[in-house]
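Listed in order, the protein sequences are those of chains B and L. In terms of the numbering used here, the first sequence opens at residue 224 and continues consecutively. In terms of the numbering used here, the second sequence opens at residue 224 and continues consecutively. Yeah, the Cβ is synthetic: ideal placement off N, Cα and C, and Gly gets one too.
Number of protein chains: 2
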Amino acid sequence: MSPPQRAIATNRLLDLLPAHERKRMLAAGETVDLVFADVLYTPGETLREVYFPLEGLISLIVPIEGANGLEVGLIGNEGMFGIPLALGVDVSAVRAVVQGAGLALCIGAAQFLVEIGRNKVLHQMIDRYAFVHLSQLAQTAGCNRFHVVEARLARWLLMTQDRVHNDAFHVTQEFLALMLGVRRVGVTRAAGSLQNLGLIHYSRGNIAVLDRRGLKAAACGCYKADRDAYARVFG
Amino acid sequence: MSPPQRAIATNRLLDLLPAHERKRMLAAGETVDLVFADVLYTPGETLREVYFPLEGLISLIVPIEGANGLEVGLIGNEGMFGIPLALGVDVSAVRAVVQGAGLALCIGAAQFLVEIGRNKVLHQMIDRYAFVHLSQLAQTAGCNRFHVVEARLARWLLMTQDRVHNDAFHVTQEFLALMLGVRRVGVTRAAGSLQNLGLIHYSRGNIAVLDRRGLKAAACGCYKADRDAYARVFG
DNA sequence: GCCTCTATGTTCGGTAACGCCCAGACGGAG
DNA sequence: CTCCGTCTGGGCGTTACCGAACATAGAGGC
Numbered sequence: 224m225s226p227p228q229r230a231i232a233t234n235r236l237l238d239l240l241p242a243h244e245r246k247r248m249l250a251a252g253e254t255v256d257l258v259f260a261d262v263l264y265t266p267g268e269t270l271r272e273v274y275f276p277l278e279g280l281i282s283l284i285v286p287i288e289g290a291n292g293l294e295v296g297l298i299g300n301e302g303m304f305g306i307p308l309a310l311g312v313d314v315s316a317v318r319a320v321v322q323g324a325g326l327a328l329c330i331g332a333a334q335f336l337v338e339i340g341r342n343k344v345l346h347q348m349i350d351r352y353a354f355v356h357l358s359q360l361a362q363t364a365g366c367n368r369f370h371v372v373e374a375r376l377a378r379w380l381l382m383t384q385d386r387v388h389n390d391a392f393h394v395t396q397e398f399l400a401l402m403l404g405v406r407r408v409g410v411t412r413a414a415g416s417l418q419n420l421g422l423i424h425y426s427r428g429n430i431a432v433l434d435r436r437g438l439k440a441a442a443c444g445c446y447k448a449d450r451d452a453y454a455r456v457f458g
Numbered sequence: 224m225s226p227p228q229r230a231i232a233t234n235r236l237l238d239l240l241p242a243h244e245r246k247r248m249l250a251a252g253e254t255v256d257l258v259f260a261d262v263l264y265t266p267g268e269t270l271r272e273v274y275f276p277l278e279g280l281i282s283l284i285v286p287i288e289g290a291n292g293l294e295v296g297l298i299g300n301e302g303m304f305g306i307p308l309a310l311g312v313d314v315s316a317v318r319a320v321v322q323g324a325g326l327a328l329c330i331g332a333a334q335f336l337v338e339i340g341r342n343k344v345l346h347q348m349i350d351r352y353a354f355v356h357l358s359q360l361a362q363t364a365g366c367n368r369f370h371v372v373e374a375r376l377a378r379w380l381l382m383t384q385d386r387v388h389n390d391a392f393h394v395t396q397e398f399l400a401l402m403l404g405v406r407r408v409g410v411t412r413a414a415g416s417l418q419n420l421g422l423i424h425y426s427r428g429n430i431a432v433l434d435r436r437g438l439k440a441a442a443c444g445c446y447k448a449d450r451d452a453y454a455r456v457f458g
């Protein structure tokens, strides 16, 4: 057997740029390691830099009175953190927490503004991503209101799997409960149900997706809606 | 007594523009009458025009499987409908329904694109508004998840009052139930409670806010959070 | 081996919603 | 005045959660 190959991680947004522009972006920032559970930003904090995850995963969490907060966005290598800057605002509206360790391209705010000012295609692309984020946010709002925990958990697992490009990843039920805005017990029940159906396997924070098709069936339509929204804009 | 005066309605976004630019915008479009319950757009529909409400009220509703949809945004004269166009996307992500009749400035999509291409201040302003909308969407997502009907109803009434610039307006419990994503009976209970507290009065669709302070106290903090988000960006 | 810490599983009573259905009450059209 | 459509109020059983507490079980350090 050959040793485990490690593909060069990329960011799908940056991949949309012409080669020379992509190089420019890579040169404009530096590759940093996102450390699990690091809080990159809190609401109201001034944005010092933006992140284009190559492998890492960033959760966007909105604080809410009477609760521990709620995840309203999940950013992997299909997106970026720092939309407000592209919209002319330099503060974060949400808490940004590293949910999966890995590399990310980090670009200073000032430099990023220079780049989007200089490069129309880049700016256009970020704007379109902002629209996708807007759509997904609206979808999530409805999902959180109407859909049962099990379906939302299935959706979350699929979204995460898409972003880590791996059937297995690490996340405890405690953490899932925080993301979904439910009690841990609720996650235990839902996850147990999904496991009984043979869709996933988990043990002490190690989750493996066994049956992607089945998981899609168990998830609410919001998963598909999210993907469609992305695909409609980026093809 | 003097006859009821009718102030010239304005749009707070357009008011932020220099006088000559504001005139230009008014000339670029035409003033139309938003008709109650009209569906301006459905999800996926191509945007033919944008609206800057002067008096009218537009509800943004996201379709959601297993439910009748959920309101995720409310646009009065403090905002505009058509954010996607400013972000380089020409389809609506939501259903846009006229929730309060009144005048609005309507500008064709092509013309609007010309204007924001020509006028940096305008484009910047719309982008910032998009950010505010993003923040409010995140807040709403959490609010819908965690807060009880009564508090959400109070928030909705305050938001609407702000946008119609009037203590009284017309909205049935049936409609409120749709907006809040609950049963009509749930609205009956919550509205009855607010009325018992002397905060509002209602009868057959005619709602009057009697005690704004009290209503703020009854609402969740999301109302204040929304206003703060707007104020932080537009001062 | 043993201990400890973290993660998971279970149980209890409580509650804020749900869907469904029916009853009353007002107001405008005829 | 009567009729009818719209709007509001209430009851009933059900459900998916909640908060709190307690019980097991695997993984790693020593």
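Inter-residue spacing [alpha-carbon to alpha-carbon] between residue i and residue j
{"i": "G296 (chain L)", "j": "S282 (chain L)", "result": "6 Å"}
{"i": "L422 (chain L)", "j": "R235 (chain L)", "result": "28 Å"}
{"i": "V371 (chain L)", "j": "R407 (chain B)", "result": "21 Å"}
{"i": "A260 (chain B)", "j": "V320 (chain B)", "result": "6 Å"}
{"i": "V285 (chain B)", "j": "A232 (chain L)", "result": "35 Å"}
{"i": "V410 (chain B)", "j": "G289 (chain B)", "result": "20 Å"}
{"i": "Q347 (chain B)", "j": "A454 (chain B)", "result": "16 Å"}
{"i": "P227 (chain B)", "j": "Q334 (chain L)", "result": "Confidence at P227 (chain B) is low in this model, with a pLDDT of 43, below 50, so its placement is unreliable and no value can be given for it."}
{"i": "S225 (chain B)", "j": "N419 (chain B)", "result": "Caution is warranted here: a pLDDT of 45 is assigned to S225 (chain B), below 50, making its placement in the model unreliable, and the coordinate value is therefore given only provisionally. Going by the C-alpha atoms only, they are around 35 Å apart."}
{"i": "K343 (chain B)", "j": "L257 (chain L)", "result": "36 Å"}
{"i": "L239 (chain L)", "j": "I330 (chain L)", "result": "18 Å"}
{"i": "K439 (chain L)", "j": "A431 (chain L)", "result": "14 Å"}
{"i": "P241 (chain B)", "j": "D434 (chain L)", "result": "58 Å"}
{"i": "G415 (chain B)", "j": "E338 (chain B)", "result": "47 Å"}
Chain-ordered neighbours of residue i on chain B, where CB pairs are closer than 8 Å
{"i": "A353 (chain L)", "result": "L310, A353, L357"}
{"i": "V204 (chain L)", "result": "Given that chain L is displayed from residue 224 to residue 458, the structure contains no residue 204 (chain L) and the question cannot be resolved."}
{"i": "L433 (chain L)", "result": "The premise fails here: L433 (chain L) is roughly 25 Å from chain B at the closest Cβ pair, so nothing lies under 8 Å."}
Neighbouring residues, chain B, relative to residue i (Cβ below 7 Å)
{"i": "E288 (chain L)", "result": "C443, G444"}
{"i": "Q347 (chain L)", "result": "G311"}
{"i": "D350 (chain L)", "result": "L310, G311"}
{"i": "P307 (chain L)", "result": "F354"}
8 Å CB neighbourhood of residue i in its chain, flanking five on each side removed
{"i": "L237 (chain L)", "result": "R245, M248, L249, F275, L328"}
{"i": "H356 (chain L)", "result": "G296, G302, I306"}
{"i": "L464 (chain B)", "result": "Since the first residue of chain B shown is 224 and the last is 458, residue 464 (chain B) is not available in this structure."}
{"i": "L360 (chain L)", "result": "V295, G296"}
{"i": "F354 (chain L)", "result": "V456"}
{"i": "L326 (chain B)", "result": "A232, T254, V255, D256, L257, P276, L277, E278, G279"}
Beta-carbon neighbours of residue i, restricted to chain L and to distances below 7 Å
{"i": "T363 (chain B)", "result": "A364"}
{"i": "N367 (chain B)", "result": "A364, N367, R368"}
Selected residue, minimal CA-CA separation from residue i, among the options
{"i": "A452 (chain B)", "options": "B:L399, B:K439, B:G311, B:S358", "result": "B:S358"}
{"i": "L381 (chain B)", "options": "B:P286, B:V321, B:I349, B:G437", "result": "B:G437"}
{"i": "Y446 (chain L)", "options": "L:L345, L:A260, L:Y352, L:A364", "result": "L:A364"}
{"i": "A324 (chain L)", "options": "L:T383, L:A400, L:A251, L:I339", "result": "L:T383"}
{"i": "V394 (chain B)", "options": "B:G428, B:R450, B:N300", "result": "B:G428"}
{"i": "E272 (chain B)", "options": "B:A251, B:V285, B:V387, B:S426", "result": "B:A251"}
{"i": "D390 (chain L)", "options": "L:H424, L:E397, L:A413", "result": "L:H424"}
{"i": "L399 (chain L)", "options": "L:I339, L:G458, L:N291", "result": "L:N291"}
{"i": "R351 (chain L)", "options": "B:L239, B:G311, B:S416", "result": "B:G311"}
{"i": "T254 (chain L)", "options": "L:I339, L:G279, L:C366, L:E338", "result": "L:G279"}
{"i": "S426 (chain B)", "options": "B:L345, B:G267, B:F392", "result": "B:F392"}
{"i": "G299 (chain B)", "options": "B:I339, B:Q322, B:G458", "result": "B:Q322"}
{"i": "R368 (chain B)", "options": "B:H388, B:V405, B:E338", "result": "B:V405"}
{"i": "E397 (chain B)", "options": "B:A413, B:V317, B:R386", "result": "B:A413"}
{"i": "C366 (chain L)", "options": "B:L277, B:I287, B:R450", "result": "B:I287"}
{"i": "E268 (chain L)", "options": "L:R386, L:I349, L:V317", "result": "L:V317"}
Residue-level contact to chain L via CB, residue i, 7 Å cutoff
{"i": "G404 (chain B)", "result": "yes"}
{"i": "V295 (chain B)", "result": "yes"}
{"i": "V285 (chain B)", "result": "yes"}
{"i": "L280 (chain B)", "result": "no"}
{"i": "L399 (chain B)", "result": "no"}
{"i": "L360 (chain B)", "result": "yes"}
7 Å CB neighbourhood of residue i in its chain, flanking five on each side removed
{"i": "A442 (chain B)", "result": "A374, A377, R378, L381"}
{"i": "L336 (chain L)", "result": "L308"}
Under 8 Å by beta carbon: chain L residues contacting residue i
{"i": "V258 (chain B)", "result": "Chain L residues near V258 (chain B): none, gap ~24 Å exceeds 8 Å."}
{"i": "A452 (chain B)", "result": "A316"}
Short CB-CB distance (under 7 Å) between residue i and chain B
{"i": "V371 (chain L)", "result": "no"}
{"i": "A316 (chain L)", "result": "yes"}
{"i": "L239 (chain L)", "result": "no"}
{"i": "N291 (chain L)", "result": "no"}
Residues that residue i contacts on chain L, provided the C-beta gap is smaller than 9 Å
{"i": "L236 (chain B)", "result": "The premise fails here: L236 (chain B) is roughly 14 Å from chain L at the closest Cβ pair, so nothing lies under 9 Å."}
Residues of its chain near residue i, where Cβ-Cβ distance is below 6 Å and the 5 sequence neighbours each way are ignored
{"i": "L403 (chain L)", "result": "R375"}
{"i": "A461 (chain L)", "result": "Because residue 461 (chain L) is not part of the residues shown, which for chain L are 224 to 458, the question remains open."}
{"i": "V262 (chain B)", "result": "V320"}
{"i": "L417 (chain L)", "result": "I423"}
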